[in-house]
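Our numbering puts the first residue of the sequence shown at 343, with every later residue one more than the last.
Just so you know, even glycine gets a beta-carbon here, dropped at the ideal spot from N, CA and C.
Quick notes on the structure that follows.
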Amino acid sequence: MPTSVAQAVGETLAELGVRHVFGLLGSGNFVVTNALARGGAAFVASRHETGAVTMADAYARVSGRLGVASVHQGPGLTNSVTGLTEAAKSRTPLLLLAADTAASALRSNFRIDQDGLVTAVGAVAERLHGPASAVADTVRAARRAQVERRPVVLMMPLDVAAATSPDGAPAPVGAPVLRPVQPAPEAVAEVADLLARSSRPLIVAGRGAVLAGAREPLEKLGDLSGALLATSAVANGFFAGDQWSLGISGGFASPIGLELIPQADLLLAFGASLNMWTTRHGHLIGGSAKVVQVDVEADAIGAHRPVDAAVVGDADATARALVAELSRRGGHHPGWRSAELAARIARGGWRDAAYEDAGDGERIDPRTFSLELDRLLPAERTLAVDSGHFMGYPPMYMRVPDPAGFVFTQGFQSIGLGLASAIGAAVARPDRLTVAAVGDGGLLMSLPELETAGRLGLRLVVAVYNDAAYGAEVHHFGPQGHPVDLVQFPDTDFAALGRAVGMAGVTVRGAEDMQAVAAWLEKPERPGLVVDAKVVPTVVAEWLEEAFRGH
Ligand SMILES: Cc1ncc(C[n+]2csc(CCOP(=O)(O)OP(=O)(O)O)c2C)c(N)n1
Ligand SMILES: [Mg+2]
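What follows is the structure in structure tokens.
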């Protein structure tokens, strides 16, 4: 049987090293996905296309590999748009294989402007232009996704995909290695001068630092300059275990972070955009503090706030160059590091902060629920968090081993992406227990993927902060005197929903009910677990009030 273009595309991707593909199959993407699966990639079937794209997104974030997803033309693609937008805003290298109507099928029901749709949300539109170019088109699309760190949608017109692939279609060729961008020596000297004049420097690592693997040189830079360390929310876990780490800078900052970050007189952002969340609308940056931004992309510099000095360069290469420059200049500045401060940092996290437990026997305090989960779950864990009022509790109260252990699909601030994020992360890191921390609203929005979690038999805990409401809206509008019954719902039994899809399910109304979670961890009668935590709806997160004020 002659090879079709669709088959050739699937085989090409397998040859390029694709090991997992997430998708939902229809007639338009069946052959290509099957060829990819026969070529050696495991196929993960989602139940909704935005789930497929979000799984591929999280998989890419956690594994560092290209995320690949596959959808049917028309509605298959429109269903994927929220996940695609998240990936675009978060600059995830992702290849979405999307069938498309033939150029000549003007009256097809499926016909829409697919290029216009995906470019409108920040993704790149690529296309199989014809049988002769299809393999090259595929290689180019995959490479663009990785080099530009963007979701690329490869449109596969049905007539092109069904055509016979010409014999002797060019085999994919290996791409040259791209070396990290080195900083200009003048820029390095400028930052070293600023460090010499600083007595309270702070290093903030963002996703760029994670991608560059810059922990070691940044810690060394901290040692030489006496800097304290922090991360943006997406880079949570980057400095895990370092005694000078304040954890997340921003809305989820710890009490000690909130106290110390504004006292920094020099802030060095490495691969962190310094957006309104990382700076708490600017409040976390002291009035007279100097700001340095290091980024591989020139247009990221100063995009969110003015900066005093800029370095265009890879976070790891720049940190190393700074370490070399400070070493060359000699001396070792203690900065604001002291034994007393280290002791305060060690006790200054949310897990040590006192609070009045609002549990009433019927409902558990969301902080207590988070602390109990942190205590019970193994340290080797991946934490994926959905959006909503509850979303601060998991990163504030639960530890993660490293940035790959934290998946925060919040570039688009959509609710409903947390569960699929957890599934993609669990596929990427089956060695770790994965936790999907979700609200009742976000979980109900993504409920189709609960079946996926159950069917795949993933080692996954779905922790539902269930206030039977769109709590974020209740807490936003209630205090302004608005009636909020439109965003309050009857309670849902999520434990029963978990059992319905083959997972274990427990209901938690107080800390003592967490015994059932401990029992499951010890001897899981089913691979996955849904924990329906009926949380006290009146405990309002301080960070959310602050965020509303900021708007
Ligand atoms: C797709 C989408 N729809 C609506 C919103 C607005 N929104 C933000 S938070 C939220 C409530 C989420 O409820 P839930 O998941 O139960 O979390 P909670 O706020 O109750 O903790 C809503 C509707 C959004 N961000 N994304
Ligand atoms: Mg809720």
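Could you tell me the boundaries of the alpha helix (DSSP H) in which residue i lies?
i: HIS362; result: That residue, HIS362, is in no alpha helix (DSSP H); its beta strand (DSSP E) goes 362-365.
i: SER669; result: 657-671
i: ASN376; result: 372-380
i: ALA384; result: No alpha helix (DSSP H) contains ALA384, which is instead part of the beta strand (DSSP E) from 384-387.
i: VAL303; result: Outside the shown range of the chain, which is 343 to 893, sits residue 303, and nothing can be said about it.
i: LYS562; result: 557-567
i: SER412; result: Element bounds for SER412: not the alpha helix (DSSP H) but the beta strand (DSSP E), 409-413.
i: ALA400; result: 391-405
i: ASP694; result: Here ASP694 belongs to no alpha helix (DSSP H), and DSSP marks it neither H nor E.
i: LEU839; result: 836-842
i: LEU863; result: 857-864
i: LEU553; result: 549-554
i: VAL519; result: Unbroken run through VAL519: none, as it is neither H nor E.
i: LEU355; result: 347-357
Which two residues bound the contiguous beta strand (DSSP E) that contains residue i?
i: PRO917; result: The question about residue 917 has no answer here: the residues shown for the chain are numbered 343 through 893.
i: ALA651; result: 651-654
i: GLY847; result: 846-850
i: THR573; result: 570-573
Kindly indicate which residue of the options has the alpha-carbon position closest to the one of residue i.
i: ALA685; options: VAL466, ILE598, PHE748; result: ILE598
i: SER763; options: ALA356, HIS390, SER729, THR396; result: THR396
i: LEU588; options: PRO508, ALA484, ARG693; result: ARG693
i: GLY579; options: ASP744, ASP833, GLN585; result: ASP744
i: GLY783; options: GLY628, ILE757, ALA538, ARG771; result: ILE757
i: ALA348; options: ARG469, THR834, HIS824, LEU560; result: ARG469
i: VAL636; options: LEU610, ALA746, ILE627; result: LEU610
i: LEU759; options: LEU367, LEU378, VAL351, LEU426; result: LEU426
i: LEU626; options: ARG485, TRP885, SER346, GLY365; result: TRP885
i: ALA837; options: ARG482, GLY672, PRO821, TYR807; result: TYR807
i: PRO518; options: PRO832, ARG485, GLY365, ALA400; result: ARG485
i: LEU333; options: LEU761, ARG801, ARG797, LEU802; result: The displayed coordinates of the chain run from 343 to 893. Any statement about residue 333 would go beyond what the structure contains.
i: ALA853; options: LEU715, ASP509, VAL410, SER346; result: LEU715
i: ARG491; options: HIS675, MET738, VAL638; result: VAL638
i: ARG891; options: LEU520, VAL481, HIS818, GLN456; result: HIS818
i: PRO737; options: GLY624, ARG709, GLY673, PRO720; result: ARG709
i: ALA810; options: ASP833, LEU800, HIS824, GLY796; result: ASP833
i: GLU391; options: VAL423, ARG801, GLN456, LEU459; result: VAL423
i: PRO772; options: GLN755, LEU789, GLY747, SER788; result: GLY747
Just confirm the distance between the C-beta atoms of residue i and residue j, as a whole number of angstroms; I'd bet it's less than 8 Å.
i: GLY592; j: ARG622; result: 6 Å
i: VAL843; j: VAL804; result: Actually they are not in contact, since the Cβ atoms of VAL843 and VAL804 sit about 10 Å apart, beyond 8 Å.
i: LEU725; j: VAL769; result: Going by Cβ atoms, the distance from LEU725 to VAL769 rounds to 16 Å, so no, they are not a contact pair.
i: LEU536; j: VAL634; result: 6 Å
i: LEU566; j: SER669; result: 7 Å
i: ALA657; j: PHE711; result: Rounded, the Cβ-Cβ distance is 35 Å, inconsistent with contact.
i: VAL404; j: ALA767; result: 5 Å
i: PRO559; j: ALA661; result: 4 Å
i: VAL386; j: VAL351; result: About 19 Å; that fails the 8 Å criterion.
i: VAL546; j: ALA614; result: 5 Å
i: GLU791; j: ARG389; result: 6 Å
i: GLY775; j: ARG723; result: For the sequence presented, residue 775 should be read as Leu rather than Gly. About 5 Å separates the two Cβ atoms, so the contact holds.
i: ALA356; j: PRO435; result: With a Cβ gap of about 18 Å, ALA356 and PRO435 do not count as contacting.
Notebook entry, point to check: Is the number of C-beta pairs between the region 641-655 and the region 615-622 that are closer than 8 Å three or more?
Noted result: yes
Note to self: Report the start-end ranges of each beta strand (DSSP E) in the region 416-465 that is 3 residues or longer and not cut off at the edges.
What the structure shows: 436-442
Note to self: For the region 455-467 against the region 426-433, do three or more pairs of beta-carbon atoms, one drawn from each stretch, fall closer than 8 Å, so that the two count as touching?
What the structure shows: As far as the Cβ criterion goes, the region 455-467 touches the region 426-433, which means the pair count is three or higher.
Check: Counting only runs that start and end within the region 578-658, where is the beta strand (DSSP E) found for 3 or more residues in a row?
Finding: Runs found: 587-590, 608-612, 632-637, 651-654.
Next item on the list: Check whether the region 485-502 touches the region 435-446, counting contact only when three or more Cβ pairs, one atom from each stretch, lie closer than 8 Å.
Entry: yes
Next item on the list: Decide if the region 865-880 is in contact with the region 700-710; the criterion is three or more beta carbon pairs, one per stretch, under 8 Å apart.
Entry: yes
Next item on the list: State whether the region 741-755 contacts the region 832-846, with contact taken as three or more CB pairs (one from each stretch) at a distance under 8 Å.
Entry: no
Check: Which full runs of the beta strand (DSSP E) of 3+ residues lie inside the region 736-816, going along the chain?
Finding: 775-781, 802-808
Check: Three or more beta-carbon pairs under 8 Å between the region 623-631 and the region 518-530, yes or no?
Finding: no
Notebook entry, point to check: Which runs of the beta strand (DSSP E) fall wholly inside the region 705-732 and span at least 3 residues, in chain order?
Noted result: 723-727
Next item on the list: Would you check if the region 414-423 and the region 471-478 touch, i.e. whether three or more CB-CB distances between them fall below 8 Å?
Entry: No, the region 471-478 is not in contact with the region 414-423.
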